[in-house]
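First the structure, in the form of structure tokens, and then the observations on it.
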Amino acid sequence: MLGICRGRRKFLAASLTILFVPAITWIYLFAGSFEDGKPVSLSPLESQAHSPRYTASSQRERESLEVRVREVEEENRVLRKQLSLVQSRGPAPRRGNHSRTYSMEEGTGDSESLRAGIVAGNSSECGQQPAVEKCETIHVAIVCAGYNASRDVVTLVKSVLFHRRNPLHFHLIADAIAKQILATLFQTWMVPAVRIDFYDADELKSEVSWIPNKHYSGIYGLMKLVLTKTLPSNLERVIVLDTDITFATDIAELWAVFHKFKGQQVLGLVENQSDWYLGNLWKNHRPWPALGRGYNTGVILLLLDKLRKMKWEQMWRLTAERELMSMLSTSLADQDIFNAVIKQNPFLVYQLPCFWNVQLSDHTRSEQCYRDVSDLKVIHWNSPKKLRVKNKHVEFFRNLYLTFLEYDGNLLRRELFGCPSEADVNSENLQKQLSELDEDDLCYEFRRERFTVHRTHLYFLHYEYEPASDNTDVTLVAQLSMDRLQMLEAICKHWEGPISLALYLSDAEAQQFLRYAQGSEVLMSRHNVGYHIVYKEGQFYPVNLLRNVAMKHISTPYMFLSDIDFLPMYGLYEYLRKSVIQLDLANTKKALIVPAFETLRYRLSFPKSKAELLSMLDMGTLFTFRYHVWTKGHAPTNFAKWRTATTPYRVEWEADFEPYVVVRKDCPEYDRRFVGFGWNKVAHIMELDAQEYEFTVLPNAYMIHMPHAPSFDITKFRSNKQYRICLKTLKEEFQQDMSRHYGFAALKYLTAENNS
Numbered sequence: 113m114l115g116i117c118r119g120r121r122k123f124l125a126a127s128l129t130i131l132f133v134p135a136i137t138w139i140y141l142f143a144g145s146f147e148d149g150k151p152v153s154l155s156p157l158e159s160q161a162h163s164p165r166y167t168a169s170s171q172r173e174r175e176s177l178e179v180r181v182r183e184v185e186e187e188n189r190v191l192r193k194q195l196s197l198v199q200s201r202g203p204a205p206r207r208g209n210h211s212r213t214y215s216m217e218e219g220t221g222d223s224e225s226l227r228a229g230i231v232a233g234n235s236s237e238c239g240q241q242p243a244v245e246k247c248e249t250i251h252v253a254i255v256c257a258g259y260n261a262s263r264d265v266v267t268l269v270k271s272v273l274f275h276r277r278n279p280l281h282f283h284l285i286a287d288a289i290a291k292q293i294l295a296t297l298f299q300t301w302m303v304p305a306v307r308i309d310f311y312d313a314d315e316l317k318s319e320v321s322w323i324p325n326k327h328y329s330g331i332y333g334l335m336k337l338v339l340t341k342t343l344p345s346n347l348e349r350v351i352v353l354d355t356d357i358t359f360a361t362d363i364a365e366l367w368a369v370f371h372k373f374k375g376q377q378v379l380g381l382v383e384n385q386s387d388w389y390l391g392n393l394w395k396n397h398r399p400w401p402a403l404g405r406g407y408n409t410g411v412i413l414l415l416l417d418k419l420r421k422m423k424w425e426q427m428w429r430l431t432a433e434r435e436l437m438s439m440l441s442t443s444l445a446d447q448d449i450f451n452a453v454i455k456q457n458p459f460l461v462y463q464l465p466c467f468w469n470v471q472l473s474d475h476t477r478s479e480q481c482y483r484d485v486s487d488l489k490v491i492h493w494n495s496p497k498k499l500r501v502k503n504k505h506v507e508f509f510r511n512l513y514l515t516f517l518e519y520d521g522n523l524l525r526r527e528l529f530g531c532p533s534e535a536d537v538n539s540e541n542l543q544k545q546l547s548e549l550d551e552d553d554l555c556y557e558f559r560r561e562r563f564t565v566h567r568t569h570l571y572f573l574h575y576e577y578e579p580a581s582d583n584t585d586v587t588l589v590a591q592l593s594m595d596r597l598q599m600l601e602a603i604c605k606h607w608e609g610p611i612s613l614a615l616y617l618s619d620a621e622a623q624q625f626l627r628y629a630q631g632s633e634v635l636m637s638r639h640n641v642g643y644h645i646v647y648k649e650g651q652f653y654p655v656n657l658l659r660n661v662a663m664k665h666i667s668t669p670y671m672f673l674s675d676i677d678f679l680p681m682y683g684l685y686e687y688l689r690k691s692v693i694q695l696d697l698a699n700t701k702k703a704l705i706v707p708a709f710e711t712l713r714y715r716l717s718f719p720k721s722k723a724e725l726l727s728m729l730d731m732g733t734l735f736t737f738r739y740h741v742w743t744k745g746h747a748p749t750n751f752a753k754w755r756t757a758t759t760p761y762r763v764e765w766e767a768d769f770e771p772y773v774v775v776r777k778d779c780p781e782y783d784r785r786f787v788g789f790g791w792n793k794v795a796h797i798m799e800l801d802a803q804e805y806e807f808t809v810l811p812n813a814y815m816i817h818m819p820h821a822p823s824f825d826i827t828k829f830r831s832n833k834q835y836r837i838c839l840k841t842l843k844e845e846f847q848q849d850m851s852r853h854y855g856f857a858a859l860k861y862l863t864a865e866n867n868s
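So the number in the numbering used here is just where the residue sits in the sequence shown, counting from 1, plus 112.
Have a look at this one:
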């Protein structure tokens, strides 16, 4: 306690120095500027004009004093900066069992008041100050709709999680698309002390659909108006954020500002930093009414309990109805209506300092919000141009945004020590499963991978597809990593039907993929390709997890289980749809085999028919797939019979059989114990056989494997003896599990393996 008081006395002394040194200096100058009771100007020119007793020595004296004044002012500026840095670190931590708190000081919005606020705010820490308890939950509301906004929310959340020291409760007002994406993301992210609640945005449309809105955010841009009605009635306060926000500080600092609200203040807002509401941007520009420059609603502090008591719902509706009679529509969505209400009721608003919403649209005054990088709190990309906005410091802001965009989200799974987390059944089950593993087992890492939860972002790009009404539609399913990205355009040219892809990428690679896709005319012209990002974690390539993710998110009744290195024959999509009907796949358990071939040439004139393919086989341009290294994998397809076949024919399962098949979407998943290279498809085909699927070869279908460099996993398999030992162990355990699950019929798999 003694140390704390000493620190505070030093802090007080420094503050007093800032206040009194300039005062004493100016008193001295003021007194020194009188001669014979008459004031003398500090300016040598004025003195020369009015005083006959002006001399060269007195001029030098005055100039010397001016230099000294400038030196003192510079010293004070440096001292103020040092004090502001001390302040930003917060008070010294208290010892003992008391719950730790930290206090946040605010200015009033303009730069001069901000400087005064720094001095006044540091005058004493012994008095009562606004504080946020260490384990106090901070509530954040975000309206989110669609695929692109879901990506933006992830970057916003990353920036908040990076700085946060408190539990967070996100209230997401989301449409069906955003809910599916973000629910899966947060469920697989498993960040401690973070709770997510969803509210159906589509149910709220009727509340605001009567308001014409020209803003690009559409109807969802009006939904912040109904948060008092949407959020739980026992929620007293909330921070509301746009999706294009990036935090550069702990959000608890903003939460602490609620303590500064007085009287009837219920809205915390930053002044709009453009001239929009001044109405002088162009001729006949007529904005909605606003107080002065108006306020920007990208960051809002809402005192929900008081707003409800004030009948906020009735207040904004009456204002909107009145203004729409002359304005006809909103230009800036909810922001226009918020400003119209504030114009009539200015007492409602607490003006936040502008560093809480540095608005980076074109032609703003955002540069007046900060003097140094350390002043930045919240960056708002509120221009339709987003990162391409014009701003003197946009390169710095862009780099800050990109830092969070590409930041490894797995690193944000850190615990908040001292803050109890809510019980999570999934997390508890995971810990139990991991605790049952033997860490001394040489295959521990293989076994552990089966239980690893990989953060998953579904539908990373816009997806729009309605399956054919005749119930014959087929989705191509595959998985890939960054080194196979070049195959995407070729596959899209060969397969016109829907595609479901699982991509195993890091956060940075996901952004590289996004730029690649957005720069491709072929990929951007296809809206029926679902890209699902599974983020990297661990040392193995989780091939079967990726397949399962891609399989799970198809919207068609059938799927073609392929690999990214294969190009399907032209017209295969339509051929498979006809085969589905012909072979009654809807009512029978069949797996339709598409025969696989390969070429060793990087440039191939792709065969346009079966006859052309047979000719290339005879010439040695094509081969049956893996005939020279893994014959057993596809030998049961019976390629000799296929050459002359004109109708589908049935083949029997054999050991190590791993064809590419078309099945119903309700087929069993791939076994996750197999990672990297080896047995990942073999085990799946074995299970299909155990479930009595009939394997039928299609006579006029084919696919061709394109050459590529060996994968990292096959290199490990070939060079690492322990890798091969563990794979053999996992195979044996899988076969034992099959015997237990399927009984006597599964004994043939053990026999076949021993004979092979």
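Even for Gly, the Cβ is constructed at its ideal location relative to N, Cα and C.
Which value, in whole angstroms, describes the spacing of the CA atoms of Glu-649 and Ile-826?
For Glu-649 and Ile-826, the distance between alpha carbons rounds to 19 Å.
Please report the straight-line C-alpha distance between Thr-759 and Pro-780, rounded to a whole angstrom.
Looking at the two C-alpha atoms, the distance is approximately 27 Å.
Please tell me whether Leu-712 and Ile-816 are closer than 9 Å, where the distance is taken between their beta carbons.
It is not a contact, given that the beta carbons lie outside the stated cut-off.
From the DSSP secondary-structure annotation, give me the bridge partner or partners of Phe-709.
DSSP, once it has assigned bridges, lists Thr-736, Ile-816 as partnering Phe-709.
Determine the contact status of Tyr-643 and Tyr-571, defining contact as a CB-CB distance below 9 Å.
Yes, Cβ-Cβ distance for Tyr-643 and Tyr-571 is below 9 Å.
Name the DSSP bridge partner or partners of Cys-256?
DSSP output for Cys-256 lists Ala-286 as bridge partner(s).
Can you find a heavy atom of the ligand FAD that lies under 8 Å from the Cβ of Ile-705?
Among the components of this structure there are no ligands whatsoever, and the ligand FAD is therefore not found.
Compute the beta-carbon to beta-carbon distance between Val-338 and Leu-414, rounded to the nearest angstrom, for a pair I have assumed lies under 8 Å.
With a Cβ gap of about 12 Å, Val-338 and Leu-414 do not count as contacting.
Within 10 Å of its beta-carbon, does Pro-324 have 16 or more other beta-carbons around it, so buried, or fewer, so exposed?
Exposed.
In angstroms, rounded to a whole number, what distance separates the CA positions of Lys-336 and Leu-512?
One C-alpha to the other measures close to 27 Å.
Compute the Euclidean distance between the alpha carbons of Tyr-670 and Val-655, then round it to the nearest angstrom.
Approximately 21 Å between the Cα atoms of the pair.
I'd like to know if the segment 683 to 692 and the segment 614 to 622 are in contact, where contact means that at least 3 CB-CB pairs between them fall below 8 Å.
The segment 683 to 692 is not in contact with the segment 614 to 622.
Under three-state DSSP, which class holds Met-422?
Coil.
What residue range does the beta strand (DSSP E) around Val-773 cover?
772 to 776 is the span of the beta strand (DSSP E), which, as asked, contains Val-773.
Quick check on the burial criterion: 16 or more other C-beta atoms within 10 angstroms. Buried or exposed for Thr-568?
The residue in question, Thr-568, is buried, as its Cβ has 16 or more Cβ neighbours within 10 Å.
Does the beta-carbon of Arg-785 have 16 or more other beta-carbons within 10 angstroms, so that it is buried, or is it exposed?
With 16 or more other Cβ atoms within 10 Å, it is buried.
With burial defined as no fewer than 16 other Cβ atoms inside 10 Å of the residue's Cβ, what is the status of Tyr-311: buried or exposed?
Buried is the call here.
Would you list the residues sitting across from Asn-325 in a DSSP beta bridge?
DSSP lists Thr-442 as partners of Asn-325.
What three-state label does DSSP hand Leu-573 in the structure shown?
DSSP places Leu-573 in coil when its eight states are reduced to three.
Quick one: grab the DSSP three-state call for Met-437.
In this structure, Met-437 counts as helix in the three-state DSSP scheme.
By Cβ distance below 6 Å, which residues in the same chain neighbour Trp-493 in space, the five residues on each side in sequence not counted?
Same-chain partners within the cutoff: Asp-356, Leu-472.
What first and last residue would you give for the beta strand (DSSP E) that runs through Asp-311?
The amino acid occupying residue 311 in the given sequence is Tyr; Asp does not appear at that position. Counting along the chain, the beta strand (DSSP E) containing Tyr-311 begins and ends at 306 to 312.
Going by other Cβ atoms of all chains shown within 10 Å of its Cβ, with 16 needed for buried, is His-639 buried or exposed?
Per the 10 Å Cβ criterion, exposed.
Would you call the segment 692 to 700 and the segment 788 to 802 in contact, with 3 or more CB pairs under 8 Å?
Not touching, per the Cβ criterion.
Just to confirm, are Arg-276 and Ile-363 a CB contact at a threshold of 9 Å?
Yes, they are a contact pair.
Phe-359 and Val-490: beta carbons closer than 9 Å?
It is a contact, given that the beta carbons lie within the stated cut-off.
Hey, would you say Val-252 sits closer than 9 Å to Leu-273, going by beta carbons?
Contact: no.
Is the beta carbon of Val-99 sitting closer than 9 Å to the one on Ala-295?
Only positions 113 to 868 of the chain appear in the structure, and residue 99 is not among them; the question remains open.
Please return the same chain residues whose Cβ sits closer than 8 Å to the Cβ of Leu-316, not counting the five positions on each side in sequence.
Counting only Cβ-Cβ distances below 8 Å, and skipping sequence neighbours, we find Ile-285, Met-335, Val-338, Thr-342.
Measuring straight from C-alpha to C-alpha, what distance separates Pro-203 and Val-470?
Residue placement at Pro-203 is poorly supported in this model, since its pLDDT is 43, which falls under 50; the coordinates still yield a value, given next. Pro-203 and Val-470: Cα-Cα distance of roughly 27 Å.
Please list the terminal residues of the continuous beta strand (DSSP E) segment that includes Leu-673.
Note, Leu-673: beta strand (DSSP E), 670 to 673.
Given a threshold of 16 other Cβ atoms within 10 Å of its Cβ, counted over all protein chains shown, does Glu-770 qualify as buried or as exposed?
Its Cβ being crowded by 16 or more others within 10 Å, Glu-770 is buried.
Within this structure, are the beta carbons of Glu-601 and Val-634 separated by less than 9 Å?
Taking 9 Å as the Cβ cut-off, Glu-601 and Val-634 qualify as a contacting pair.
How many Å lie between Val-269 and Leu-353 at the Cα?
Spanning the two alpha carbons is a distance of roughly 11 Å.
Taking the DSSP output, what are the residues bridged to Ala-703?
DSSP output for Ala-703 lists Phe-807 as bridge partner(s).
Identify the continuous alpha helix (DSSP H) that holds Val-763 and give its terminal residues.
Here Val-763 belongs to no alpha helix (DSSP H); instead the beta strand (DSSP E) covers 761 to 763.
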